[in-house]
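Undergrad: Per our numbering, the very first residue in the sequence shown carries number 1; after that it's consecutive.
Heads up, the beta-carbon is just placed ideally off N, CA and C, and yes, glycines get one too.
Submitted below is the structure of interest, expressed as structure tokens.
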Amino acid sequence: MIWYTLLVLATGGERIAELVLSARNARWSFARGGVEFGRRHFPPMVALHTGLLLACLAEVWFLDRPFLPWLGWPMLVLVLASQALRWWCIASLGPRWNTRVIIVRDLPLVTRGPYRWLSHPNYVAVVVEGFALPLVHTAWITAAAFTVLNAVLLLGFRIPCENRALASVLPARA
């Protein structure tokens with residue numbers, strides 16, 4: 001369980017690094033006239049993602065979830081793949097990447113990296129990590145709960161918000 005705790009803590013550290021990068025990128029965007037959309041759904045998203053990490057640890061430690069190699073190793077591979085995809089998204093968007101929805105007018109739509117094929121590739125990484133990280137150590141309640149709550153936030157709020165934001169500057173995309 002110690003190594004799993006370290007994995008979850010490392011994931012938390014990575015999230016903190018993302019927030020630092022996001023704050024820097026937000027300053028870059030606002031300095032260029034960026035406009036923020038969907039401010040109200042951001043705190044619930046932060047709470048959900050923080051809750052994922054805490055629930056992973058709580059379920060494994062308090063409910064004594066075992067590590068099952070036939071499940072844990074493939075899930076660890078998916079966690080690592082989701083991190084690779086997340087950072088590919090971040091690198092592809094450069095200073096335009098953010099945890100918030102900030103649009104800078106007059107910049108072309110990014111069509112490199114995974115954005116060649118998908119409009120929202122980062123959310124593929126979020127979805128995969130959301131079920132895979134808990135299942136590395138059989139925290140199935142956390143995996144199921146996060147998946148449902150994340151689907152509500154992504155499909156009900158975040159993705160429509162991003163699409164509306166992009167449509168406001170790129171009407172042909174709507």
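#1: My parser needs the beta strand (DSSP E) runs of 3 or more residues fully inside the segment 90-144; what are they?
#2: Return the CA-CA distance between alanine 167 and methionine 75, expressed in angstroms with no decimal places.
#3: So within the segment 23-81, which uninterrupted beta strand (DSSP E) runs reach at least 3 residues, ignoring any that extend past its ends?
#4: With leucine 166 as the anchor, note down where its alpha helix (DSSP H) starts and where it stops.
#5: Examine the Cβ distances between the segment 84-94 and the segment 119-136 and report whether three or more of them are shorter than 8 Å.
#6: If you draw a straight line from the C-alpha of arginine 24 to the C-alpha of glycine 156, how long is it?
#7: Around the Cβ of arginine 105, are there at least 16 other Cβ atoms within 10 angstroms (buried) or fewer (exposed)?
#8: Roughly how far, in whole angstroms, is the beta-carbon of threonine 99 from the beta-carbon of glutamate 36, given that I think they are within contact range, below 8 Å?
#9: What do you get for serine 29, buried or exposed, if any count of 16 or more other CB atoms within 10 angstroms of its CB means buried?
TA: To lay it out plainly:
#1: 101-103
#2: 36 Å
#3: 35-37
#4: 159-169
#5: yes
#6: 28 Å
#7: exposed
#8: In fact, because the Cβ distance is near 11 Å, the residues do not count as touching under 8 Å.
#9: buried
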